[in-house]
């Protein structure tokens, strides 16, 4: 018999403080590095995604080839006021993630689709 519990508890978050700081210290630079390597551009004729920092690549869709534009917003997107835009040509698609003012950007794309 172990006796009656007088106290029942878990360790305080204070005991995990340095693990949390260390984790954020490693995660945040990685996220920042990934973020600065992506740039989106919408012109009157194209949707362009530039990726990379040291080596780079560019994906672009001509707006006259786009057949569908979809938007979505996850819970995380709602917290930050962003959303995703997927541009579909019927053969290929490209998704732009975490787009600020995503509805306005999607409307601009829709406006220039033939």
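In this note's numbering, the protein residues as written are 444 to 557.
Note that CB positions come from ideal geometry on N, CA and C, so glycine has one too.
Rounded to the nearest whole angstrom, the C-alpha separation of residue 497 and residue 475 is 15 Å. If you look at residue 479, you'll find it in the alpha helix (DSSP H) that goes 460–479.
With distances taken between CA atoms, residue 508 lies nearest to 535 out of 500, 459, 472, 535.
Here residue 493 is bridged, per DSSP, to 482, 501. Taking the Cα positions, residue 505 is about 15 Å away from residue 528.
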